[in-house]
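UniProt numbering puts the first residue of the sequence shown at 1, with every later residue one more than the last. Even glycine gets a Cβ: it sits at the ideal position worked out from N, Cα and C. Because the structure is a prediction, the values reported are computed rather than measured. Take a look at the structure set out below.
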Amino acid sequence: MGVPAFYRWLVEKYPMVVVDVIEEEAIEIEGVKIPVDTSKPNPNKLEFDNLYLDMNGIIHPCFHPEDRPSPTSFNEVFQCMFDYIDRLFVMVRPRKLLYMAIDGVAPRAKMNQQRSRRFRAAKEAADAAAEEGRLREEFEMEGRKLPEKQESEVFDSNVITPGTKFMEVLSVALQYYIRVRINNDPGWKDVKVILSDANVPGEGEHKIMSYIRLQRNLAGFDPNTRHCLYGLDADLIMLALATHEIHFSVLREVVFTPGQQNKCFLCGQMGHMAAECQGKGKRKNGEFDEKGEIVPKKPYQFLHIWTLREYLELEMRIPNIPFEIDFERIVDDFIFMCFFVGNDFLPHMPTLEIREGAIDLLLAVYKKEFRALGGYLTDGSKPDLSRVEQFIQAVGSYEDRIFSKRARLHRRQINLASGHAPSPYQHTQYNNQRAKIARLFSEVTIGAAFVEAENKEELTTKLKEILHEKSDTFNSENPEEDKVKLGEPGWKDRYYEEKFFAKIPEELDRVRKDVVKSYAEGLCWVMHYYYEGVCSWQWFYPYHYAPFASDLKDLGHLNISFELGSPFKPFNQLLGVFPAASSHALPQQYRKLMTDPNSPIIDFYPADFEVDMNGKRFAWQGIAKLPFIDEDRLLAEVAKIEYTLTDEEVWRNSTMYDMFFVAVSHPLSPYLFSLDNRCKQLDNKERTQMKEKLDPGASGGMNGYISLCSGEPCPQIFRSPVEGMEDIMDNNVICVIYRLPDSHNHIAHPPPGVRLPKRLSQSGI
Numbered sequence: 001m002g003v004p005a006f007y008r009w010l011v012e013k014y015p016m017v018v019v020d021v022i023e024e025e026a027i028e029i030e031g032v033k034i035p036v037d038t039s040k041p042n043p044n045k046l047e048f049d050n051l052y053l054d055m056n057g058i059i060h061p062c063f064h065p066e067d068r069p070s071p072t073s074f075n076e077v078f079q080c081m082f083d084y085i086d087r088l089f090v091m092v093r094p095r096k097l098l099y100m101a102i103d104g105v106a107p108r109a110k111m112n113q114q115r116s117r118r119f120r121a122a123k124e125a126a127d128a129a130a131e132e133g134r135l136r137e138e139f140e141m142e143g144r145k146l147p148e149k150q151e152s153e154v155f156d157s158n159v160i161t162p163g164t165k166f167m168e169v170l171s172v173a174l175q176y177y178i179r180v181r182i183n184n185d186p187g188w189k190d191v192k193v194i195l196s197d198a199n200v201p202g203e204g205e206h207k208i209m210s211y212i213r214l215q216r217n218l219a220g221f222d223p224n225t226r227h228c229l230y231g232l233d234a235d236l237i238m239l240a241l242a243t244h245e246i247h248f249s250v251l252r253e254v255v256f257t258p259g260q261q262n263k264c265f266l267c268g269q270m271g272h273m274a275a276e277c278q279g280k281g282k283r284k285n286g287e288f289d290e291k292g293e294i295v296p297k298k299p300y301q302f303l304h305i306w307t308l309r310e311y312l313e314l315e316m317r318i319p320n321i322p323f324e325i326d327f328e329r330i331v332d333d334f335i336f337m338c339f340f341v342g343n344d345f346l347p348h349m350p351t352l353e354i355r356e357g358a359i360d361l362l363l364a365v366y367k368k369e370f371r372a373l374g375g376y377l378t379d380g381s382k383p384d385l386s387r388v389e390q391f392i393q394a395v396g397s398y399e400d401r402i403f404s405k406r407a408r409l410h411r412r413q414i415n416l417a418s419g420h421a422p423s424p425y426q427h428t429q430y431n432n433q434r435a436k437i438a439r440l441f442s443e444v445t446i447g448a449a450f451v452e453a454e455n456k457e458e459l460t461t462k463l464k465e466i467l468h469e470k471s472d473t474f475n476s477e478n479p480e481e482d483k484v485k486l487g488e489p490g491w492k493d494r495y496y497e498e499k500f501f502a503k504i505p506e507e508l509d510r511v512r513k514d515v516v517k518s519y520a521e522g523l524c525w526v527m528h529y530y531y532e533g534v535c536s537w538q539w540f541y542p543y544h545y546a547p548f549a550s551d552l553k554d555l556g557h558l559n560i561s562f563e564l565g566s567p568f569k570p571f572n573q574l575l576g577v578f579p580a581a582s583s584h585a586l587p588q589q590y591r592k593l594m595t596d597p598n599s600p601i602i603d604f605y606p607a608d609f610e611v612d613m614n615g616k617r618f619a620w621q622g623i624a625k626l627p628f629i630d631e632d633r634l635l636a637e638v639a640k641i642e643y644t645l646t647d648e649e650v651w652r653n654s655t656m657y658d659m660f661f662v663a664v665s666h667p668l669s670p671y672l673f674s675l676d677n678r679c680k681q682l683d684n685k686e687r688t689q690m691k692e693k694l695d696p697g698a699s700g701g702m703n704g705y706i707s708l709c710s711g712e713p714c715p716q717i718f719r720s721p722v723e724g725m726e727d728i729m730d731n732n733v734i735c736v737i738y739r740l741p742d743s744h745n746h747i748a749h750p751p752p753g754v755r756l757p758k759r760l761s762q763s764g765i
């Protein structure tokens, strides 16, 4: 789901769902920094019980930070992450639980999207490197000096994938960080911490959701638990709604900040462009940065789910219905409808675009058709496909008008981009010419070191502009021909002919039916994923394109079922999603499968691939037409080389469990030490298999099972894995294995005993 598009739609339509976060800053007294005391009340007047971190929304920004120079080592990434988590903890101040979830191996349905992203990243990196080399030569010919290129451990962000060395070291670094904070920070002392690292299968946000769903309605569970979830994906809003927990907030950065674009590329200061730069700067971490003006931190917002529920209750009022409406099922239908405008598991349906008002159309059609439908589109995790067909056919009746309007807007955009309005690049060229005058002044008055940094900043900005220009197909001398011409007579047949290679009517009908069946399977798979978890690790949508809304017919006759299967091993996922350019992150024998011309699966790793723009403007919006992985072929080749793995590689390639941390002063610690004492005589394998049910009275209402790790649960000394950070010499933190409660059906309504917040509509919402 497109984050900016959906989030912007939501906030503009329901503005009171978001509230700015009040942040308390550390203070400095006589040169000594005094950290915020997170044990004190939250300045936002909200006390949260549990904070959940979708860690990939932290790892990626720390690979490419905006408020500090780009890191060159894993250690710098880790330090950035520690600062990031500290800041989030200060904002939320959870009193019971901190759950940190890193993406583990994903279901096949998600792996296809991951594969597309990683191949694109490799292609874009190669293009950028070639263009940067050309620009460097150009600068050198002009006699303009540039700093030497730095070697970097973080040159390939694809290593943020389960099974890589980076993810292994990251886990150890976070285990160290957790122990440091619980040992030393008063706000962490009473908090339980769960770390679900990349060796635990499942996407981070879905591991979090499984935890929340399986805690509900068990003995000791507090129905008024206050949850806060941090992450960057719009999915998190839908997932939070799907829990039917009332006291739930999503914490996220403000995506659009006024004035953000007015940043000078010469000095990094906000509020002026390069042409007006006076050449002032200061050195910071080896780079020149702004002087007298710190780049402002990105502000954060809470998106309150209880307010969104109130808006939806008002929005979805449907008069003259002969039965009492169950609002909780309306919420489930809203979530389901939003799958049609984008999700991570199915390609985008060509009919519906958020920016064209697609969600408003879906809601309007739903309310208009609800009486005729005779009930809801979904029942918990199960869609009623007969009603879904009736609903989506009503949406499909608008297709001709949608495509005709889109075609008119498309032509207008092309006309604007082809010379009737200056492009961003033309503006930049103008600013660059004016900036050269400012540079003449700065070269005389500031010195060579600053000039090198200044030249580097200009090169970086120029590179970004050129790459952006190249990605804009509206400015291309040879634009991709639109052979489908949506909105013109015959558009549907042309779509299936061009996208699915269906040439004759019989073939077109067969392909359309299979596409519709696969898409309907996908809708059922995604709904189950959101409400119950994975129903099949192996299922995936086998096409690059979606059907039209009007094609979703005869759904009620489909017999849809899934086999659960099991997740890939981490190295097998790497083989499934990595391009050959990222093979360095895999063991030697696995690399050969990706790079050796004689590899039996070399066809999985094309050096180049087609990107179908599919009517879009920018290259990143196009569809990467990569071959789908044949699981049987891949696993057959892996079986021949698994024996070559070292012990360390076997460890990286294994499936593990969540780690659970508490201070020795926590009420749970006697239970953990007791379990350890009773298992002293067992070997490591027996120790880890022995599990004991948590006492929700001692755990603060938390259910599940604990087992022992293979090593000492509370070592006195814990060595620092991060360069420049001290060893923990007097550790008072216990670490054990945590396992979820036994599986039970998700109850898709608020739990008994919940106290509803005061309605904002009483204040004129």
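- Of all alpha-carbon atoms in Ser157, Lys33 and Lys192, the one lying nearest the alpha-carbon of Pro61 is that of Ser157.
- In terms of CA proximity to Lys145, Glu137 leads the group Ser152, Glu137 and Phe628.
- Straight-line spacing of the CA atoms in Pro715 and Thr351 works out to 59 Å.
- Between Pro107 and Trp537, the beta carbon gap of about 5 Å places them in contact (Cβ cut-off 8 Å).
- Across the structure, Ile29 and Asp37 are spaced so that their CA atoms are roughly 15 Å apart.
- DSSP places His304 within a strand segment (E or B) once states are collapsed to three.
- By alpha-carbon distance to Arg216, the top candidate from Leu740, Asp730, Val17 and Pro757 is Leu740.
- For Trp525, the CB contacts under 8 Å within the same chain, skipping 5 residues up- and downstream, are Ala109, Phe345, Cys535, Ser536, Trp539 and Phe562 in chain order.
- Inter-residue distance for Lys592 and Ser599 is about 7 Å (C-alpha atoms, whole angstroms).
- Residue pairing for Asn572: DSSP places it in no beta bridge.
- Within the stretch 692 to 731, the runs of alpha helix (DSSP H) at least 4 residues long that lie entirely inside it are, in chain order, 696 to 699.
- Taking one beta carbon from each stretch, the stretch 571 to 580 and the stretch 115 to 134 have 3 or more pairs nearer than 8 Å; the two touch.
- Given a length threshold of 3 residues, each whole run of the beta strand (DSSP E) inside the stretch 182 to 260 is given here in chain order: 192 to 196, 227 to 230 and 248 to 253.
- The C-beta of Gln301 has 16 or more other C-beta atoms within 10 Å across all chains shown, which makes the residue buried.
- Residue state for Pro505 is assigned as helix, using DSSP reduced to three classes.
- Just measuring C-alpha positions, the residue of Glu532, Phe403, Glu465 and Leu463 sitting nearest Lys492 is Phe403.
- Of the residues assessed, His247 falls on the buried side of the cut-off, its CB having 16 or more other CB atoms within 10 angstroms.
- The DSSP-derived three-state label of Lys145 is coil.
- Under the three-state reduction of DSSP, Lys368 is assigned to helix.
- Taken in chain order, the complete alpha helix (DSSP H) segments of 4 or more residues contained in the stretch 610 to 673 are 631 to 639 and 647 to 652.
- The way I'd put it, the stretch 176 to 196 doesn't touch the stretch 638 to 654; fewer than three beta-carbon pairs between them come closer than 8 Å.
- In the displayed model, Asn455 falls within a helix according to three-state DSSP.
- Val638 and Ala121 have their C-alpha atoms roughly 25 Å apart.
- Residues of the same chain with a CB within less than 8 Å of the CB of Glu452, apart from the 5 flanking positions on each side, are Lys145, Leu146 and Pro147 in chain order.
- In chain order, Leu53, Ile58, Met100 and Tyr177 place their CB closer than 8 Å to the CB of Ile85, counting only its own chain and leaving out the 5 sequence neighbours on each side.
- The residues Gly342 and Ala546, in chain order, have a CB closer than 7 Å to that of His348 in the same chain once the five nearest residues on each side in sequence are set aside.
- Contact between the stretch 693 to 702 and the stretch 219 to 236 is established, with three or more Cβ pairs separated by less than 8 Å.
- Excluding five sequence positions before and after Leu463, the CB atoms of its chain that fall closer than 8 Å to its own CB belong to Ala128, Glu131, Glu132 and Leu135, given in chain order.
- As far as DSSP is concerned, Arg108 takes part in no beta bridge.
- When the beta-carbon positions are compared, Tyr543 and Ser518 come within less than 9 Å of each other.
- The C-alpha of Val733 lies about 28 Å from the C-alpha of Ile27.
- The secondary-structure analysis by DSSP pairs Arg739 across a beta bridge with Tyr705.
- For Val331, the three-state secondary structure derived from DSSP is helix.
- According to the DSSP secondary-structure assignment, Tyr99 is paired through a beta bridge with Tyr52 and Ile194.
- Of the candidates Val180, Asp197 and Val154, the residue whose Cα lies closest to the Cα of Gly163 is Asp197.
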